[in-house]
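Using numbering that gives the first Met the number 0, the first residue of the sequence shown is number 0, and each one after it goes up by one.
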Amino acid sequence: MSRHQHTDDEWDDKLVDSLGRDLGDAYEVRYPRVPDETDPSYATWGAGVRREIAALDEVTGVIRRD
């Protein structure tokens with residue numbers, strides 16, 4: 000399945016890779032993408048974030064970037 004390309008995908012991928020390296024293998028970096036960049040409101044992507052958090056065994060931290 001191909002992933003929809005967003006404007007900041009390259010930067011976002013670098014951020015995720017950097018966080019993963021810095022945190023090490025003890026942590027999993029999950030980075031859900033906003034489904035519609037033109038409408039990054041909670042109403043648009045809140046359900047996806049709730050699903051991501053519900054899928055975790057333990058939440059160590061949540062970081063938001065805008």
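Glycine included, every Cβ here is placed at the ideal spot set by N, Cα and C.
Residue i and residue j closer than 8 Å at C-beta
i, j, result
"tyrosine 30", "valine 15", "yes"
"valine 33", "proline 39", "yes"
"threonine 43", "aspartate 56", "no"
Straight-line gap, residue i to residue j (C-alpha atoms, nearest Å)
i, j, result
"leucine 18", "valine 28", "7 Å"
"glycine 60", "leucine 22", "12 Å"
Where residue i sits in the DSSP three-state scheme
i, result
"leucine 18", "helix"
"valine 48", "helix"
"threonine 43", "helix"
"aspartate 11", "helix"
"alanine 53", "helix"
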